[in-house]
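Each remark here refers to the structure printed beneath this line.
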């Protein structure tokens with residue numbers, strides 16, 4: 005017993021029991037090396053492994069395993085498992101403890117050891133969330149004096165976690181009087197009673213615990229109290245407790261926002277209800293549907309109908325509660341009718357409601373709104389599509405009106421053939437006499453613009469009969485329209501009658517009255533009623549609204565034709581002085597020269613012609629003027645001077661009638677001078693002169709011209725083409741090309757007309773040049789050939805005699821330059837257009853829009869803002885929609901979010917047909933709502949844009965970027981939101 009080894013073993017055991025594990029392990033290891041007895045070696049191995057466990061050595065578990073394997077019959081085998089497990093248990097390493105407890109043979113333990121084993125093993129299973137094993141072992145000691153209370157607490161807690169509230173309550177009640185559990189149980193019991201629906205008890209328990217709790221527990225207890233009051237429908241009491249809840253990890257979820265919002269809603273506090281409901285983002289369950297429905301109702305109470313529309317639409321898209329869905333649908337449909345709908349046309353919304361709920365008690369009311377909405381929505385194109393699918397009797401009157409208004413839209417876009425088709429559709433359902441008359445009128449207007457004057461005349465006369473006794477806007481100017489139609493048909497007597505009838509009535513539109521005087525005077529002029537023409541031109545001059553220079557000039561000409569040549573000369577002289585920038589000044593100089601010749605004042609005549617030739621080198625009157633000067637020299641026997649003028653005409657203005665006459669007269673001079681060879685040599689240089697074929701040339705041309713004048717379009721085209729094939733450089737080639745261009749244009753064969761206009765444009769200046777420039781530039785504009793159009797338009801601007809052609813040139817130069825991204829040039833021409841006070845609203849609108857768009861492109865937003873304000877005043881259709889969008893855009897940038905929303909809502913209501921700007925307006929609206937702290941509206945609108953406007957990539961991209969930004973921000977306070985990249 006008292007050998008050296010046993011003394012050392014006892015010393016090592018003493019060190020082990022005194023927790024001197026490092027020293028003990030070293031000594032046990034030394035003893036083991038020297039020991040010979042098997043039992044001693046086994047004991048040393050056991051303690052070496054145990055010390056390794058307590059020293060947290062890496063090989064500790066292996067040493068225990070080695071001991072068990074090496075000494076399977078050792079009495080310390082089971083003790084080793086228990087010891088290691090208990091050590092890990094005591095040090096809180098429950099997963100390690102659990103591993104070793106599993107290896108313990110519980111049957112080898114004493115009763116006391118078993119109870120400790122059951123509790124410890126059960127607790128380690130509880131901590132490691134292996135609740136099945138935890139219940140198994142803890143249940144074995146729930147009646148133990150030492151471990152029972154703890155076991156019951158943990159069994160109760162596991163039942164609580166497993167939502168078995170009755171069982172949890174049963175166990176918690178058994179330990180509630182024990183001091184160590186009172187603090188913990190007060191919260192759980194309050195929560196248990198809440199979950200068991202015992203709300204009064206939950207409130208009592210939670211309130212009792214409030215004062216003794218830390219901030220986190222106060223938050224949780226407040227939630228229990230608030231929700232309990234909420235479920236008891238005691239909303240006023242619920243609100244302060246619901247507000248005191250701080251959320252999980254500082255975040256609320258959608259249910260939390262719903263409860264507080266609903267409590268405010270039931271109290272009639274709609275502002276705060278909206279504030280909470282609108283934080284519910286990405287909701288897709290019955291709570292969200294309920295929230296969005298009550299959010300819509302709250303908005304209605306606050307008279308925020310646009311916001312209500314979105315909330316009801318969202319609720320109607322969910323089917324968790326079918327009654328709420330139907331009510332939301334009804335509200336969504338009614339509000340859409342009232343304020344417009346940015347996502348789809350109002351008729352579509354109303355029709356979809358009736359399709360979904362055919363037996364609704366509101367069927368009659370919605371059908372009435374549907375019929376009216378076809379008109380009020382102004383989205384006539386889409387409305388027409390819907391109506392053509394539903395041609396029931398009650399919709400036929402709506403169809404008549406919608407077809408008419410759609411036709412009017414197309415007419416205003418200058419799509420006259422398409423407009424006629426729509427007017428015909430309207431006339432096919434003659435339900436309302438007023439709209440039948442109006443469609444007849446506008447169809448006649450379309451005919452007039454398509455140069456079908458005979459059909460236009462019939463239509464205008466039908467309108468007069470149909471509109472008798474009515475008060476229609478079109479009646480105001482019907483005399484004017486009839487007069488113009490007769491004028492185009494060259495029935496000047498009838499034209500004069502109707503112009504006089506128009507003028508006799510009081511007229512607020514001075515520009516139109518001015519024009520009526522001018523055309524009345526023109527009719528008298530071509531009918532040789534010069535005195536009447538003079539009176540009408542004089543009245544136009546007095547009004548001074550439009551083309552005063554034209555009236556003055558024509559008055560002077562009429563004076564001459566009336567036989568008062570001296571007065572004509574005085575008036576032409578006055579004209580030249582007064583209208584320095586008039587496009588008719590070259591005409592006046594030419595006429596003045598002619599008048600001086602007639603009066604025998606040759607010097608003044610030659611001076612007038614010289615002034616014309618010098619100042620207006622591109623004028624079509626220059627070859628005429630030169631020819632006249634040559635003839636004056638010829639008549640004065642100044643042959644060389646005459647030849648000089650004739651040669652200039654023939655050389656500089658080939659193929660013109662003046663050139664042909666110049667050659668003819670020069671021939672006589674050369675013959676008189678006996679210089680025929682010189683004449684022949686000169687004529688050979690002129691490739692357009694075929695003297696020997698002159699008779700055949702004239703005969704062929706006259707045959708074609710006869711068909712043209714008689715209105716036989718196809719025959720005229722054939723004859724003119726035949727003439728040009730036979731005489732490509734003929735005397736009348738210029739006229740023939742021009743008339744062919746006009747004939748093809750009339751047949752809408754613009755591509756066929758273009759080469760003929762091109763010939764005229766490239767030929768010398770003539771009376772046809774201006775019209776050819778206009779038509780050819782128009783052809784290139786329609787084909788979007790901007791680079792080809794621009795030089796033609798610049799020539800037209802410089803050379804046109806008619807003011808409307810100058811406006812046409814300038815307005816299209818601004819558009820073409822804009823398309824080519826020449827923004828400075830575009831703005832320059834827009835400014836030119838705006839300086840003309842007589843332009844109509846459409847051109848004025850185009851000019852402002854070009855300035856505005858150019859400013860946007862160049863980043864000059866201040867200029868763009870000012871220009872879009874001007875656009876709003878005069879624009880219609882898509883341009884007006886664009887201007888309204890930018891009004892919303894600039895107000896958003898200025899921080900005026902409510903006003904910006906008003907503009908965006910107006911855009912959605914009044915211009916729903918223009919989807920692109922409607923979609924862009926919605927994105928601005930979303931930004932406004934987020935700035936106004938309404939995250940729900942912002943996200944819902946953006947998601948709707950992404951879903952409904954996929955055809956506009958740039959808008960969807962903008963919406964997605966904004967949506968991601970908002971969700972990232974909102975996810976910081978709302979755990980129900982998943983942020984997006």
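Residue numbers (my numbering): 5 to 985.
Just so it is clear, CB atoms sit at the ideal spot from N, CA and C, and this is done for glycine as well.
For the pair the region 894–901 and the region 272–280, tell me if three or more CB-CB distances fall below 8 Å. no
Identify the continuous alpha helix (DSSP H) that holds residue 445 and give its terminal residues. For the purposes of this step, residue 445 is taken as residue 441 along the chain shown, with counting starting at 1. 437–453 is the span of the alpha helix (DSSP H), which, as asked, contains residue 445.
Best match in 980, 942, 109 for proximity to residue 965 [C-alpha to C-alpha]: The residue labelled residue 965 in the question sits at position 961 within the chain shown. Out of 980, 942, 109, 942 has the C-alpha closest to the C-alpha of residue 965.
Using alpha carbons as the reference points, say which of 936, 930, 939, 937 lies closest to residue 950. Walking along the chain shown from the start, residue 950 turns up at place 946. Checked all of 936, 930, 939, 937; the closest Cα to residue 950 is 930.
Cα-Cα separation between residue 143 and residue 971, rounded to whole angstroms: Your numbering for residue 143 matches position 139 in the chain shown. Your numbering for residue 971 matches position 967 in the chain shown. Spanning the two alpha carbons is a distance of roughly 48 Å.
Residue 807 versus residue 784 - alpha carbon distance: In the chain shown, counting from the first residue as 1, residue 807 sits at position 803. In the chain shown, counting from the first residue as 1, residue 784 sits at position 780. In a straight line, the C-alpha of residue 807 is about 21 Å away from that of residue 784.
Are residue 980 and residue 258 closer than 8 Å when you measure CB to CB? As a first step, residue 980 is located in the chain shown; it is residue number 976 there, counting from the start. As a first step, residue 258 is located in the chain shown; it is residue number 254 there, counting from the start. It is a contact, given that the beta carbons lie within the stated cut-off.
List the whole-angstrom C-beta distance separating residue 602 from residue 569, where the pair is believed to meet the contact cut-off of C-beta under 8 Å. Within the chain shown, the letter at position 598 stands for residue 602. Within the chain shown, the letter at position 565 stands for residue 569. At roughly 6 Å, the Cβ-Cβ gap stays under 8 Å, so residue 602 and residue 569 are in contact.
Does the structure place the region 932–942 close enough to the region 239–255 that three or more beta carbon pairs sit under 8 Å? no
Burial state of residue 928, where buried means 16 or more other Cβ atoms lie within 10 Å: In the chain shown, counting from the first residue as 1, residue 928 sits at position 924. Residue 928 comes out buried.
Look at residue 613 and residue 597 and say whether their C-beta atoms are less than 8 Å apart. The residue labelled residue 613 in the question sits at position 609 within the chain shown. The residue labelled residue 597 in the question sits at position 593 within the chain shown. Yes, Cβ-Cβ distance for residue 613 and residue 597 is below 8 Å.
How many Å lie between residue 102 and residue 56 at the Cα? Residue 102 sits at position 98 when you count from the first residue of the chain shown. Residue 56 sits at position 52 when you count from the first residue of the chain shown. Cα to Cα, residue 102 sits roughly 18 Å from residue 56.
Own chain, CB closer than 7 Å to residue 426, minus 5 neighbours either side, in chain order: Within the chain shown, numbered from 1, the residue matching residue 426 stands at position 422. Cβ neighbours of residue 426 beyond the five flanking positions: 407, 410, 411, 414.
Coil, strand or helix - residue 688 by DSSP: Sequence index remark: in the chain shown, residue 688 carries index 684 (1-based). Residue 688: helix per DSSP, three-state reduction.
Determine the burial state of residue 338: buried for a count of at least 16 other Cβ atoms within 10 Å of its Cβ, exposed for fewer. For this step, residue 338 is matched to residue 334 along the chain shown. The residue is buried, with at least 16 neighbouring Cβ atoms inside 10 Å.
Nearest-angstrom Cα distance between residue 448 and residue 474? As a working note, residue 448 is residue 444 in the chain shown. As a working note, residue 474 is residue 470 in the chain shown. When rounded, the distance between both Cα atoms is 19 Å.
Euclidean distance between Cα positions of residue 548 and residue 710: The residue given as residue 548 occupies position 544 in the chain shown. The residue given as residue 710 occupies position 706 in the chain shown. Distance between the alpha carbons of residue 548 and residue 710: 40 Å.
Integer Cβ distance of residue 891 from residue 872, believed to fall under 8 Å: Within the chain shown, residue 891 is the residue found at index 887, counting from 1. Within the chain shown, residue 872 is the residue found at index 868, counting from 1. Confirmed, about 7 Å.
Whole-angstrom distance between residue 391 and residue 385, CA atom to CA atom: Position 381 of the chain shown holds residue 385. Position 387 of the chain shown holds residue 391. Taking the straight line from one Cα to the other gives about 10 Å.
Do residue 374 and residue 388 have their C-beta atoms closer together than 8 Å? Within the chain shown, the letter at position 370 stands for residue 374. Within the chain shown, the letter at position 384 stands for residue 388. No, Cβ-Cβ distance for residue 374 and residue 388 is not below 8 Å.
N- and C-terminal bounds of the alpha helix (DSSP H) containing residue 2: Since the first residue of the chain shown is 5 and the last is 985, residue 2 is not available in this structure.
Residue 104 to residue 217 span [Cα, whole Å]: As a working note, residue 104 is residue 100 in the chain shown. As a working note, residue 217 is residue 213 in the chain shown. Spanning the two alpha carbons is a distance of roughly 38 Å.
Would you kindly check if the distance between the Cβ of residue 557 and the Cβ of residue 588 is under 8 Å? Against the chain shown, residue 588 aligns to sequence position 584. Against the chain shown, residue 557 aligns to sequence position 553. In contact: residue 588 and residue 557 (Cβ atoms closer than 8 Å).
Going by DSSP in three states, residue 978 sits in which element: helix, strand or coil? Position 974 of the chain shown, counted from the start, is the residue given in the question as residue 978. DSSP places residue 978 in strand when its eight states are reduced to three.
Run the CB neighbour count on residue 622, radius 10 Å, all protein chains shown included, and call it buried at 16 or more, exposed below. Working through the chain shown from its first residue, we reach residue 622 at position 618. Per the 10 Å Cβ criterion, exposed.
Could you check if residue 232 is buried or exposed, using at least 16 other CB atoms within 10 Å of its CB as the buried criterion? Walking along the chain shown from the start, residue 232 turns up at place 228. So residue 232 counts as buried.
Local Cβ density within 10 Å of residue 18, reported as buried at 16 or more and exposed below that: Here residue 18 is taken as the residue at index 14 of the chain shown, counted from 1. With fewer than 16 Cβ atoms within 10 Å of its Cβ, residue 18 is classed as exposed.
Would the region 45–60 and the region 71–79 be scored as touching if the rule is three or more Cβ pairs under 8 Å? yes
For residue 360, count the other beta carbons within 10 Å of its own beta carbon; 16 or more makes it buried, fewer makes it exposed. Which is it? Here residue 360 refers to the residue found at position 356 of the chain shown. Counting Cβ neighbours within 10 Å, residue 360 comes out exposed, since fewer than 16 surround it.
Segment limits, alpha helix (DSSP H) that includes residue 58: Taking the first residue of the chain shown as 1, we reach residue 58 at position 54. Start and end: 42–58.
Residue 887 versus 902, 913, 849, 905, residue with shortest Cα-Cα distance: Walking along the chain shown from the start, residue 887 turns up at place 883. Nearest of 902, 913, 849, 905 to residue 887, Cα basis: 849.
For residue 834, I'd like the list of residues in its chain whose CB is within less than 7 Å of its CB, leaving aside the five on either flank, ordered along the chain. On the chain shown, position 830 is the one that residue 834 refers to. Answer for residue 834: 818, 851, 854, 855, listed in chain order.
Cross-strand partners of residue 252 (DSSP beta bridge): Locating residue 252 in the chain shown gives position 248, counting from the first residue. According to DSSP, which records beta bridges pairwise, residue 252 is partnered with 255.
So the candidates are 737, 114, 681; which of them puts its Cα closest to the Cα of residue 702? Position 698 of the chain shown, counting from 1, holds the residue named residue 702. Looking at the Cα atoms, 737 is the closest of the given residues.
Contacting residues, own chain, Cβ-Cβ under 8 Å from residue 801 (five flanking each side not counted): As a first step, residue 801 must be located in the chain shown, where it is residue number 797. Result list for residue 801: 810, 813, 814, 817, in chain order.
For residue 455, count the other beta carbons within 10 Å of its own beta carbon; 16 or more makes it buried, fewer makes it exposed. Which is it? Within the chain shown, the letter at position 451 stands for residue 455. The residue in question, residue 455, is exposed, as its Cβ has fewer than 16 Cβ neighbours within 10 Å.
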